[in-house]
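So this note's numbering is basically just the index in the sequence shown, starting at one, shifted up by 9.
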Amino acid sequence: MIILAATPIGNLGDVTRRLVQALETATVIAAEDTRTTQRLLAALGVENRPQLIALHDHNEKQRAAELVRRAATEDILLLSDAGMPTVSDPGYGVVAEAAAQDVPVTALPGPSAVLTALAVSGLPTDRFTFEGFLPRKPGDRRRALADLAAEARTMVFFEANSRIAEVLSAMADAFGPDRRAAVCRELTKLHEEVKRGPLEDLAAWAAEGVRGEIVVVVEGASRSAMAFPDAVTRVLELVREGVRLKDAAGEVSAHTGHSSRELYQAALAVRD
């Protein structure tokens, strides 16, 4: 079978007993970075020396079928560098292929940056959505955020420290400057930090520079008392002031909870 195993996201003390046992008995490990896996084995004092196969974003499509064929007759332990494989990490292609070939897949639960950040954010946890990494290009990022402006569930994002300031600023533009959020940095590590506040304040804070691995948690949109026709009218007012239609729809969506796409289409129909 395929065995997905969660690895520590920072603190080695979070390794589970089941993971240690799996590492001690594995004959084949598919790893995001074999060097990281070798360091993990050494840090845990595991003397087992399994075959290590590199499995990353650039080769998973080609390697998935091969690994699943092997998993039909022997166990394949699948690791990412940190956290659970398949969650913004390699593994999904292998699991999808295994499901298609009816090869069993199981998981060894463990550390998760998504759930850890959500738990400490201070934002609602009853309903949430994981959005992974936003697009790098500013235009693509604006469009992605505009589509999420009306999302009522708490949203969880991964982001690189080199882009966190501009991403928070883009979020403030798309969701509104007062939307609550939490920037969770270096989770489970020595310098762990959770910075909470309105997006506008967090963007200003991040402009001074932020280090480490980062997860951003953003409050979902609240529903506004503004009726949809009134929201469309507001979009048209912004357009008359010189704002692009798509940007106007995103801005109104952020403050009303109405879908930016529906606002855009309705305003476009009125203009036509």
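For each residue, glycine too, the CB sits at the ideal point set by N, CA and C. Here the structure is a predicted model, which means the values were calculated and not measured.
How many Å lie between residue i and residue j at the Cα?
{"i": "E250", "j": "D98", "result": "44 angstroms"}
{"i": "A282", "j": "A153", "result": "Outside the displayed range of the chain (10 to 281) lies residue 282, so it cannot be described from this structure."}
{"i": "Y273", "j": "E246", "result": "13 angstroms"}
{"i": "A275", "j": "R79", "result": "54 angstroms"}
{"i": "L13", "j": "I223", "result": "23 angstroms"}
{"i": "A81", "j": "R26", "result": "25 angstroms"}
{"i": "P120", "j": "A191", "result": "19 angstroms"}
{"i": "A155", "j": "N57", "result": "50 angstroms"}
{"i": "D239", "j": "K146", "result": "32 angstroms"}
{"i": "A212", "j": "D182", "result": "11 angstroms"}
{"i": "D210", "j": "G22", "result": "34 angstroms"}
{"i": "E140", "j": "V55", "result": "35 angstroms"}
Can residue i and residue j be called in contact, C-beta distance under 8 angstroms?
{"i": "A282", "j": "S262", "result": "This structure leaves residue 282 out entirely; the chain is present only between 10 and 281."}
{"i": "V241", "j": "V279", "result": "yes"}
{"i": "L87", "j": "A31", "result": "no"}
{"i": "L208", "j": "F237", "result": "no"}
{"i": "T46", "j": "A40", "result": "yes"}
{"i": "L157", "j": "R150", "result": "no"}
{"i": "V176", "j": "V226", "result": "no"}
{"i": "A126", "j": "A174", "result": "no"}
{"i": "G92", "j": "A73", "result": "no"}
{"i": "E202", "j": "R189", "result": "no"}
Does residue i come out as helix, strand or coil in the three-state DSSP assignment?
{"i": "R136", "result": "coil"}
{"i": "L196", "result": "coil"}
{"i": "T115", "result": "strand"}
{"i": "V96", "result": "coil"}
{"i": "A275", "result": "helix"}
{"i": "R145", "result": "coil"}
{"i": "P58", "result": "The question names Pro, yet the displayed sequence has Arg at residue 58. Note: R58 maps to coil in three-state DSSP."}
{"i": "A179", "result": "helix"}
{"i": "L53", "result": "coil"}
{"i": "A14", "result": "strand"}
{"i": "P207", "result": "strand"}
{"i": "R189", "result": "strand"}
{"i": "T82", "result": "coil"}
Just confirm the distance between the C-beta atoms of residue i and residue j, as a whole number of angstroms; I'd bet it's less than 8 angstroms.
{"i": "T36", "j": "S89", "result": "Incorrect: roughly 19 angstroms between the Cβ atoms, too far for contact."}
{"i": "I38", "j": "L61", "result": "5 angstroms"}
{"i": "L50", "j": "V24", "result": "Not quite, the Cβ-Cβ distance comes to about 11 angstroms (not below 8 angstroms), so this is no contact."}
{"i": "R205", "j": "G131", "result": "6 angstroms"}
{"i": "V104", "j": "T95", "result": "6 angstroms"}
{"i": "A107", "j": "V129", "result": "In fact, because the Cβ distance is near 33 angstroms, the residues do not count as touching under 8 angstroms."}
Should residue i be flagged as near chain B, meaning a C-beta pair shorter than 8 angstroms?
{"i": "G92", "result": "Of the protein chains in the structure, only one exists, and it is not chain B."}
Worksheet entry | Meets three-Cβ-pair contact criterion under 8 angstroms: the stretch 127-137 and the stretch 107-119 | no
Practice prompt. Taking 8 angstroms as the threshold, find out whether the stretch 160-171 comes into contact with the stretch 198-205 through three or more Cβ pairs.
Written response: no
Practice prompt. Evaluate the contact criterion for the stretch 254-270 versus the stretch 201-219: three or more CB pairs, one atom per stretch, below 8 angstroms.
Written response: no
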